[in-house]
Amino acid sequence: MRRTFKEVDILSSTRINESELLREVNLEISVLKGLDIFTNAHVQGVVKTTMAMCLKMNMPYEEIKKCVISAYLHDVGKIRIPPEILQKTARLTEEEYQEMKKHTVYGYEMCMEYPTFHKYASIVRAHHENLDGTGYPDGLTADEIPPEASLIKVADVYDALTQRRQYKDGYKQSEALAIMLNDVKAGKMSPDYYEILLFVVIEGLEEKHETHLMNIQKFNNNLEVLHELEIIYKQIYDRGLTPKLEKKLRQFELAPGYDMSTNANLLIIKQKSLEKELEWEKLCASEISAINKILKELYKWAD
Ligand SMILES: [Fe+2]
Ligand SMILES: [Fe+2]
């Protein structure tokens with residue numbers, strides 16, 4: 001597949017200091033910090049995904065910074081959209097939709113008001129363009145769209161589909177990615193950046209999966225513990241709470257001062273956590289396998 005960004009040799013690339021980068025980014029956007037758009041969950045989500053994608057591609061520091069700041073700014077023009085349109089939960093009328101689309105141009109204009117933001121203006125303007133020229137506001141085609149805008153678009157659409165909104169539930173990650181694959185196949189969305197997003201999502205899920213497995217292991221001996229607890233309390237009943245028995249109770253993270261039923265209740269709470277962990281683990285595993293299938297489908301299509 002065509003690569004939009006030059007791939008950097010992993011060995012030669014220096015590790016990016018993420019907190020330093022975010023500090024610099026925050027400093028630069030602080031001119032507009034008063035706007036509550038930056039604390040908006042969607043903007044935060046797009047920034048997070050954009051950053052993860054840039055890091056995955058081993059982009060140079062300055063390029064990552066440019067993409068992350070543009071992600072922060074991408075919907076800044078929405079503050080010029082009337083709130084009754086912005087907050088409308090029902091379907092927008094054609095006229096309202098046309099007004100909503102203008103947030104790209106308003107964002108561009110706002111960036112042009114600050115010399116430090118000039119370099120982000122065309123990226124902000126182009127984040128709803130499609131590679132095949134069917135996007136807005138200018139109907140640009142592949143080569144005319146800044147690559148950063150194509151990257152942010154992928155993060156933007158993914159976040160919009162997966163985020164839980166006031167009035168509707170978000171899609172599961174695999175569902176959102178399947179919907180986006182249609183846009184890739186239709187020639188609207190960059191297959192390169194979409195592939196990177198798949199890597200990022202799979203990696204995030206694998207990390208989560210690992211944590212759930214660890215928690216399951218931790219909680220899993222609960223039934224054994226219940227049985228042992230019974231024995232320990234029998235011994236306490238016979239000989240009183242010896243230091244050895246106290247140590248045993250502490251090993252189970254149970255309170256030695258409590259009676260058997262209180263501690264048994266603690267175990268039941270842990271059991272409930274285990275059930276949740278098992279559920280999440282299953283969901284993670286099925287998501288990983290579904291997204292791997294999507295990745296295969298992407299490669300088949302690209303061949
Ligand atoms: Fe937007
Ligand atoms: Fe957005």
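Each residue of the sequence shown is one higher than the last, beginning at 1 in this note's numbering.
Built from N, CA and C at the ideal position, the CB exists for glycine as well.
**OP:** Go ahead and pull the three-state DSSP assignment for residue 104.
**Re:** For the purposes of this step, residue 104 is identified with residue 104 of the sequence shown, where counting begins at 1. In the structure shown, residue 104 sits in a helix (DSSP, three-state: H, G or I).
Subject >> Inter-residue spacing [alpha-carbon to alpha-carbon] between residue 197 and residue 190 >> reply: Here residue 197 refers to the residue found at position 197 when the sequence shown is read from its first residue. Here residue 190 refers to the residue found at position 190 when the sequence shown is read from its first residue. Rounded to whole angstroms, residue 197 to residue 190 spans 11 Å at the Cα level.
Original post:
Quick one: any contact between the stretch 271-282 and the stretch 204-222, if contact means 3 or more CB pairs under 8 Å?
Top reply: yes
Original post:
Rounded to a whole number of angstroms, what is the C-alpha to C-alpha distance between residue 116 and residue 53?
Top reply: Here residue 116 is taken as the residue at index 116 of the sequence shown, counted from 1. Here residue 53 is taken as the residue at index 53 of the sequence shown, counted from 1. Between residue 116 and residue 53, the C-alpha separation is close to 24 Å.
**OP:** Using alpha carbons as the reference points, say which of 155, 171, 302, 281 lies closest to residue 43.
**Re:** To locate residue 43, count along the sequence shown from 1; it is residue 43. If we check each option's Cα against that of residue 43, 155 comes out closest.
Subject >> Extent of the continuous alpha helix (DSSP H) to which residue 136 belongs >> reply: Residue mapping note: residue 136 aligns to position 136 of the sequence shown, counting from 1. Per DSSP, residue 136 belongs to no alpha helix (DSSP H) and is neither H nor E.
**OP:** List the endpoints of the continuous alpha helix (DSSP H) containing residue 23.
**Re:** Residue numbering aside, residue 23 sits at position 23 when the sequence shown is read from its first letter. Boundaries of the alpha helix (DSSP H) around residue 23: 18-29.
**OP:** Verify the contact flag: residue 75, CB atom, against every heavy atom of ligand 1, threshold strictly below 7 Å.
**Re:** Position 75 of the sequence shown holds residue 75. Yes - ligand 1 has a heavy atom lying nearer than 7 Å to the Cβ of residue 75.
Original post:
Taking Cβ to Cβ, would you say residue 122 is nearer than 8 Å to residue 287?
Top reply: The residue labelled residue 122 in the question sits at position 122 within the sequence shown. The residue labelled residue 287 in the question sits at position 287 within the sequence shown. It is not a contact, given that the beta carbons lie outside the stated cut-off.
Original post:
For residue 156, is the beta carbon positioned less than 7 Å from some heavy atom of ligand 1?
Top reply: On the sequence shown, residue 156 is found 156 positions in, with the first residue counted as 1. Yes - ligand 1 has a heavy atom lying nearer than 7 Å to the Cβ of residue 156.
**OP:** Taking the CB atoms as reference points, tell me whether residue 202 and residue 292 lie closer together than 8 Å.
**Re:** Numbered from 1 along the sequence shown, position 202 holds the residue referred to as residue 202. Numbered from 1 along the sequence shown, position 292 holds the residue referred to as residue 292. A contact, by the Cβ cut-off of 8 Å.
Original post:
How about residue 212: is its Cβ closer than 7 Å to a heavy atom in ligand 1?
Top reply: Locating residue 212 in the sequence shown gives position 212, counting from the first residue. Incorrect: residue 212 has no Cβ contact closer than 7 Å to ligand 1.
Original post:
Of the choices 100, 106, 200, 76, whose alpha-carbon is the least far from that of residue 86?
Top reply: Here the question's residue 86 lines up with position 86 in the sequence shown. The candidate whose alpha carbon is nearest that of residue 86 is 100.
Original post:
Could you give the uninterrupted runs of the alpha helix (DSSP H) lying entirely in the stretch 48-101, keeping only those of 4 residues or more?
Top reply: 61-73, 83-86, 94-101
**OP:** Compute every distance between the C-beta of residue 42 and the non-hydrogen atoms of ligand 2, then say whether any falls below 7 Å.
**Re:** For the purposes of this step, residue 42 is taken as the residue at position 42 of the sequence shown. Placement of the Cβ of residue 42 at a distance of less than 7 Å from at least one heavy atom of ligand 2 is found.
**OP:** Consider the C-beta atom of residue 127 and the heavy atoms of ligand 1; say whether any pair is separated by less than 7 Å.
**Re:** Sequence index remark: in the sequence shown, residue 127 carries index 127 (1-based). Because some heavy atom of ligand 1 lies under 7 Å away, the Cβ of residue 127 counts as near it: yes.
Subject >> Contacts around residue 111, its chain only, beta-carbon distance under 6 Å, and the 5 residues preceding and following it disregarded >> reply: Taking the first residue of the sequence shown as 1, we reach residue 111 at position 111. Closer than 6 Å at Cβ, skipping near neighbours: 117, 120, 121, 124.
Original post:
With residue 77 and residue 105 assumed to form a contact (beta carbons below 8 Å), what rounded beta-carbon distance in angstroms separates them?
Top reply: On the sequence shown, position 77 is the one that residue 77 refers to. On the sequence shown, position 105 is the one that residue 105 refers to. That belief holds up - the Cβ atoms of residue 77 and residue 105 are roughly 7 Å apart, short of 8 Å.
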